[in-house]
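*Asks:*
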Amino acid sequence: MLDAGDAAPDFDLRGTAGGQTGAYRLSAAAGQAPVVVAFYAEDFTPRCRRYLAALRDADWDTLTDGIAVFGVASGGMETHREFAADLDLPFPLLVDHAGVDAQFGVQRPDGTTRRAAFLVDGRCRVQFAWADDGTGTVPDLDPLFDAVSTL
Numbered sequence: 005m006l007d008a009g010d011a012a013p014d015f016d017l018r019g020t021a022g023g024q025t026g027a028y029r030l031s032a033a034a035g036q037a038p039v040v041v042a043f044y045a046e047d048f049t050p051r052c053r054r055y056l057a058a059l060r061d062a063d064w065d066t067l068t069d070g071i072a073v074f075g076v077a078s079g080g081m082e083t084h085r086e087f088a089a090d091l092d093l094p095f096p097l098l099v100d101h102a103g104v105d106a107q108f109g110v111q112r113p114d115g116t117t118r119r120a121a122f123l124v125d126g127r128c129r130v131q132f133a134w135a136d137d138g139t140g141t142v143p144d145l146d147p148l149f150d151a152v153s154t155l
């Protein structure tokens, strides 16, 4: 798994936000603001629902002037669109069909994705990394918030 200081692999993925679809490039977003790349396993599962809801409910404005959040998982565009609408997510959900989870080191041997979060700065360097310990609890986002506030 990537760690703080590592170069984040750039990616171009299709995704959905606000009912619209589009292309998302990590380096383009990071050039404008820090990016939280939030990997999750599957749409509509309770663990992933709690995780993405916690990211949705974060008070990012108190930490930084601007930040982008990308939810990344395998699956299909329509399912991502339905899941994003169901949770009223203010950030896009991207379809990982290119093995980006493996490039970040969060793909399990069975091909599924671990819940994980990476904070990527304007140089596309990882400033913070977290991965699910398997307990299924909502992650403690305070270390991520601390990392955001230091950028």
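Just so you know, we're using my numbering here: the sequence shown kicks off at 5 and counts up by one.
Idealized CB from N, CA, C, for every residue including glycine.
So who's on the other strand from Y28, going by DSSP bridges?
*Replies:* BP columns for Y28 point to L17.
*Asks:* Would you list the residues sitting across from T49 in a DSSP beta bridge?
*Replies:* DSSP output for T49 lists no bridge partner at all.
*Asks:* Going along the chain, which residues of its own chain have a beta-carbon closer than 7 Å to the beta-carbon of F87, five neighbours each way excluded?
*Replies:* Result list for F87: D47, F48, L97, in chain order.
*Asks:* Apart from the five residues on each side of it in sequence, which residues of its chain come closer than 7 Å, Cβ to Cβ, to L145?
*Replies:* For L145, where only same-chain residues beyond five positions count, the Cβ hits under 7 Å are A58, A62.
*Asks:* Assuming V130 and G9 are in contact, meaning their beta carbons sit under 8 Å apart, how far apart are those beta carbons, in whole angstroms?
*Replies:* Their Cβ separation, rounded to whole angstroms, is 7 Å, which keeps V130 and G9 in contact under 8 Å.
*Asks:* Which residue marks the beginning of the beta strand (DSSP E) containing Q131, and which one marks its end?
*Replies:* Its beta strand (DSSP E) spans residues 130-135.
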